[in-house]
Amino acid sequence: MRRFYLLLVAVAVVGGALLYVAGKSKPASVGAVSDVPPANDGFKGYTLGSDSAPIEVVEYVDYECPICALFGTVQFPTIREQLIATGKVRWRIRDYPLRIPAHPNARYAALAAECAGEQGKFWPMVDSLFNHHSWAQTGQDVSALFRGFAQGTGLDVAKYDVCMQSQRYAGRIAASYQEGEQLGVNGTPTFFVNGRTYQGHATSDGIKSFVDSLLASLTTRR
Amino acid sequence: MRHRQVIAALALAGLFVALYLYLYKIGVYGELKCGSGGCETVQASPYAILLGQPVALYGVLGYAALLAVSVLGLQPRFAARRWPTLLLAALATLGFLFTAYLTFLEMFVIHAWCRWCLGSAVIITLIWLVALPAARRNRA
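From first to last, the protein sequence lines are chains G and A. No gaps in the numbering here: position 161 of the first sequence is 201 in our numbering, and each next residue is one more. No gaps in the numbering here: position 26 of the second sequence is 65 in our numbering, and each next residue is one more.
Spelled out as structure tokens, the structure:
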């Protein structure tokens with residue numbers, strides 16, 4: 041019995057020491073985009089779908105997040121076809137680049153999407169970021185790759201370069217992140233359907249059934 | 040009796056793993072020592088929160104309960120009682136099923152592996168493998 045308690049103490053000492061050592065590590069600096077204060081310019085994200093759609097889905101996204109990319113490439117085409125194109129849903133994207141070392145280029149990617157959006161190519165740039173997602177979580181310099189995406193989507197690359205170098209929308213992205221935090225976003229992707237948090241899985245089936253139930257309740261109220 | 044000792048030692052190890060993940064999730068640690076970005080990807084996913092609380096907190100509570108019951112069951116006044124063994128089996132089964140669900144999410148939904156979560160999965164599986172046969176013997 042005494043040996044058992046000695047074993048417990050040994051496990052406790054090793055575990056405690058590991059927690060202590062882990063606690064001494066400093067947070068790594070994240071990303072190539074400098075920290076700027078949130079600048080709320082009134083912009084509430086790019087939308088897809090009819091302005092008169094009865095349902096609005098707001099997606100807080102991190103372009104470096106693998107679930108977001110999977111959702112964007114596998115699930116979103118169905119949503120686009122069945123919910124957005126049919127006029128049921130308006131889809132709104134908000135930036136939520138996670139501030140974690142594993143996502144060093146999340147803010148840079150958000151900046152690329154915003155700079156593309158400035159030239160009316162937000163959605164094609166998002167498609168490029170998600171369709172060629174092998175850049176994510178590598179920690180490599182992605183500036184040339186994203187510039188290639190810009191070229192591929194038909195952007196005026198000179199304007200894109202100026203936008204990226206000046207980090208024109210860094211404040212807007214920070215403001216979107218701050219708003220997300222205030223709404224309780226704690227991971228990506230997070231969805232709000234007509235202001236209500238969607239708790240289900242990030243699948244087209246899950247979102248479609250949630251939207252359909254909301255539509256049914258809206259119809260009943262009328 | 041031996042099975043309660045083994046479970047207590049494993050539960051204590053699991054408690055530290057869960058505590059580490061929980062302390063990261065609430066912002067005490069800046070980064071996870073993971074070797075890959077998988078831990079942070081998993082921790083940053085919406086699935087790392089359940090009923091408004093970090094999933095790791097349920098791990099902390101679960102391992103603490105397993106540790107408390109097993110140590111209590113080793114005390115002379117409870118050593119011959121059946122209930123600690125049965126309770127340990129019930130808690131271990133609950134933890135094992137919950138961990139299986141989380142591992143499923145890592146594999147098929149999040150598409151990222153958190154090594155610490157896998158470490159915890161191994162620990163709870165070992166606890167379950169020790170607790171279940173002990174409970175069966177106890178019932179016989």
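Yeah, the Cβ is synthetic: ideal placement off N, Cα and C, and Gly gets one too.
Neighbours of Ile65 of chain A in chain G, taken as residues at a C-beta separation under 9 Å, are lacking, since the least C-beta distance is about 11 Å. When the five nearest sequence neighbours on each side are left out, the beta carbons in the same chain lying within less than 6 Å of the beta carbon of Leu165 of chain A are those of Leu49, in order along the chain.
If you draw a 10 Å sphere on the C-beta of Val251 of chain G, you find 16 or more other C-beta atoms in it, and that means buried. Between Leu105 of chain A and Leu127 of chain A, the C-beta gap is smaller than 9 Å, which places the two residues in contact.
Here DSSP, grouped into helix, strand and coil, assigns Glu104 of chain G to coil.
A contact is defined here as three or more CB-CB pairs under 8 Å, and the stretch 238-246 of chain G fails this definition with respect to the stretch 164-182 of chain G. Cys78 of chain A belongs to the set of residues whose beta carbon lies under 9 Å from a beta carbon in chain G. Annotated three-state conformation of Tyr217 of chain G is helix, per DSSP. Separation of Leu47 of chain G and Val94 of chain A (C-alpha to C-alpha, rounded to the nearest whole angstrom) is 28 Å.
In the DSSP assignment, Phe83 of chain G falls outside any alpha helix (DSSP H) and carries neither an H nor an E. For Ala173 of chain A, none of the residues of chain G pass the 7 Å Cβ criterion, the least Cβ distance being about 16 Å. By the neighbour-count criterion, in which a residue is buried when 16 or more other Cβ atoms sit within 10 angstroms of its Cβ, Pro137 of chain G is buried. Note that the C-beta distance between Phe55 of chain A and Leu58 of chain G is below 9 Å.
With respect to the C-alpha of Tyr61 of chain A, the residue from A:Ala118, A:Arg121, A:Ala87 and A:Leu168 having the closest C-alpha is A:Ala87. In the three-state scheme derived from DSSP, where H, G and I count as helix and E and B as strand, Ile140 of chain G is classed as coil. Residue burial annotation: Pro77 of chain G is exposed, with fewer than 16 other C-beta atoms found within 10 angstroms of its C-beta. The stretch 204-221 of chain G makes no contact with the stretch 63-72 of chain A: fewer than 3 CB pairs, one atom from each, lie closer than 8 Å. Assignment of Tyr68 of chain A by DSSP, reduced to helix, strand and coil, places it in the coil class. Residue A:Cys153 holds the alpha-carbon nearest to the alpha-carbon of Glu79 of chain A among A:Cys153, A:Val110 and A:Ala52. Taking C-beta atoms as the reference points, His172 of chain G and Val148 of chain A fail to come closer than 9 Å. Residue A:Gly134 holds the alpha-carbon nearest to the alpha-carbon of Val99 of chain A among A:Gly134, A:Val169 and A:Val161. Note that the C-beta distance between Ile140 of chain G and Trp131 of chain G is not below 9 Å.
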